[in-house]
Amino acid sequence: MSSPFLEVAIQAALASGNIQKKYFGRVKNIQFKSKTFLNLVTEVDHQCEKKILKIIQSHFAHHSFWGEESGKKIISQQWIWVVDPLDGTTNYAHSYPFFCTSIALLKDGQPYLGVIYDALRNELFTAETTHGSYLNKKAIHVSTITSIEKSLLCTGFSYNIRDTHYNFENFKNMVLQSQGVRRDGSAALNLAYIAAGRFDGFWERYLQPWDMAAGILLIQEAGGKISDISGKPFNLFHQNIVATNGKIHSKLLRELLKGADEKLWMKRFQNKML
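See the structure below:
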């Protein structure tokens with residue numbers, strides 16, 4: 001039996017998905033968050049977030065809310081909803097059918113539940129702490145692949161890719177070593193696919209908490225493993241992640257850390273955090 005928290009998260013995700021389906025292929029108002037013209041936002045992002053916020057606040061007015069578009073509304077530090085109303089906005093704006101809604105609830109800074117909804121495929125991924133991970137109410141688990149050579153991997157590139165080239169060497173190396181590497185533009189959905197055993201490993205830098213919060217709980221509850229890209233314990237606010245089925249985790253980390261580009265990225269990231 002699902003908790004009231006999860007029921008509300010599902011209600012909000014489905015409502016967001018209905019908006020996405022309504023306007024898919026008909027987006028008119030596209031704006032850019034930066035001068036690179038890579039980080040997009042549409043009226044659908046805003047509509048979805050407003051709908052999610054309205055539903056959550058109608059049930060949990062004492063909870064805090066942190067949305068990608070509207071920012072933080074901190075009321076309580078104990079309960080914080082972290083929301084990406086439309087993860088994969090660039091895909092959505094180009095009518096490329098790979099995007100989702102991601103909703104997580106943090107309890108004392110840690111993911112307590114996660115919901116990721118792919119509206120076009122009607123795939124609802126859900127997880128609650130200690131209760132497992134599910135896809136359309138059926139339990140899911142990470143894959144059992146034990147080698148990089150037999151793995152299907154995925155990654156993503158930062159919006160400031162023109163200034164940060166740190167992932168190209170890793171991408172090339174893993175393409176040559178694995179069965180394939182996908183780069184399809186929705187980190188949240190990629191993480192859900194790790195939990196469902198569709199991908200065996202994922203890595204990305206410069207992600208935000210709303211990209212990862214729901215997905216990391218899905219993976220943990222499905223039996224997978226997460227860390228930061230240097231192999232240290234994962235931190236939701238450190239903007240990078242390696243997520244796997246657990247069986248290839250150390251091997252993938254070792255390959256990612258081989259290149260000088262990776263060491264350069266870690267040094268620049270550490271300096272940024274100072």
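Residues in the sequence shown are numbered from 1 upward in steps of one, following the numbering used here.
Cβ atoms here follow ideal geometry from the backbone N, Cα and C, with glycine treated the same way.
Predicted, not measured: the structure shown is a model, and the values here were computed from it.
- Residue pairing for Asn122: DSSP places it in no beta bridge.
- Cβ-Cβ distances below 6 Å link Asn170 to Leu256 in the same chain, with the five nearest sequence neighbours on each side left out; the list follows chain order.
- Non-local C-beta neighbours of Ala192 in its own chain, meaning closer than 7 Å and more than five positions away in sequence, comprise Ile116, Phe125, Gly215, Leu218, ordered along the chain.
- Here DSSP, grouped into helix, strand and coil, assigns Arg254 to helix.
- Per the C-alpha coordinates, the member of Trp81, Ser158, His62 positioned closest to Ile75 is His62.
- The beta carbon of Asn167 sits closer than 7 Å to those of Thr155, Phe157, Arg205, all from its chain and outside the five residues before and after it, given in chain order.
- With a cutoff of 9 Å on beta-carbon distance, Cys48 and Pro85 are scored as near each other.
- For Glu7, same chain residues with a beta-carbon under 7 Å away, outside a window of 5 residues either side, do not exist.
- Here Ala187 is buried, its C-beta having at least 16 other C-beta atoms within 10 Å.
- Linking Ser147 to Lys232 through their CA atoms gives a straight-line distance of about 21 Å.
- Between the C-alpha atoms of Val242 and Asp200 there is a straight-line separation of about 11 Å.
- Around the CB of Asp45, 16 or more other CB atoms lie within 10 Å, so the residue is classed as buried.
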